[in-house]
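Participant: For the sequence shown, our numbering begins at 32 and goes up steadily by one.
First, the structure itself, so that you have it in front of you.
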Amino acid sequence: MTIGGLARAAGVSADTLRYYERLGLLPRAQRSSAGYRLFDPSAADRIAFIRKAQALGLTLEEVREVLRIAADGTAPCQHVRAALSSRLSEVDTRIEELESLRRTLTRALARSRALPVAGRCVCGIIEAEPVSAPVPRPAARPRRARTVGRHTRR
């Protein structure tokens, strides 16, 4: 199956397939006599698996590890369970951070109604905000690479 045919069948771009191949998520494609990539039709199932794993919050690096474990003949489900548990904890932490931010925004908007629109300051809404601890950043997590045209951005 050509790269274009596989891309259409899997619902991804040809650039995404090349990227997956470079990362080792897809087996190296065979080459036609003209040099075109030829993929096994089963690659569509692999791509569906990758996309499902991403929908569950796994990074491509984590998906590659799952596929490596499976290729070694071991069931990767325990590894996946641990990764999903970790991701759930990250999501819970982020939800708490967002709920805190929501409360702060609600209070700032409520206070802003009593503030004059113009004055000597840059913006009374911001300047009336009490100084607090720095806004917490979400736990560091590898950014997902995305393909834009022929370039991969992080």
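Don't be surprised by glycine CBs; every beta carbon is placed ideally from N, CA and C.
Only a predicted model underlies this, so the values are computations on that prediction, with no experimental measurement involved.
Can you pull the DSSP bridge partners for Thr90?
Facilitator: Thr90 is not bridged to any residue.
Participant: Is Thr47 buried or exposed, if buried means 16 or more other CB atoms sit within 10 Å of its CB?
Facilitator: buried
Participant: Between Ile78 and Cys152, what straight-line distance do the alpha-carbon atoms span, to the nearest angstrom?
Facilitator: 55 Å
Participant: Below 8 Å on the Cβ atoms is my contact criterion, and I expect Leu69 with Met32 to pass it. Report the Cβ-Cβ distance as a whole number of Å.
Facilitator: 7 Å
Participant: With 16 other CB atoms within 10 Å as the buried threshold, where does Ala145 fall?
Facilitator: exposed
Participant: Is Asp103 close to chain D, meaning its C-beta is less than 8 Å from at least one C-beta of that chain?
Facilitator: No chain D is part of this structure, which consists of one protein chain only.
Participant: Measure how close the beta-carbons of Ala40 and Ala75 come, nearest whole angstrom, since I'm counting them as under 8 Å.
Facilitator: 5 Å
Participant: Can you tell me which of the three DSSP states Thr33 falls into?
Facilitator: strand
Participant: Go ahead and label Leu262 buried or exposed: buried means 16 or more other beta carbons lie within 10 angstroms of its beta carbon, across all protein chains shown.
Facilitator: Only positions 32 to 185 of the chain appear in this structure, which leaves residue 262 out of reach.
Participant: How is the alpha helix (DSSP H) around Asp46 delimited, first residue to last?
Facilitator: Ala45 to Leu54
Participant: How about Val97 and Ala84: do their beta carbons lie closer than 8 Å?
Facilitator: yes
Participant: When burial is assigned at 16 or more other CB atoms within 10 Å of the CB, is Val111 buried or exposed?
Facilitator: buried
Participant: CA-CA distance, Leu37 and Glu52?
Facilitator: 13 Å
Participant: Measuring alpha carbon to alpha carbon, tell me which of Pro72, Asp71, Val94 and Ala45 ends up nearest Phe80.
Facilitator: Residue Val94 is the option with its Cα nearest to Phe80.
Participant: Alpha carbon to alpha carbon, how far is Gly1 from Tyr67?
Facilitator: With the chain represented from 32 up to 185, any question about residue 1 goes unanswered, as that position is not in the structure.
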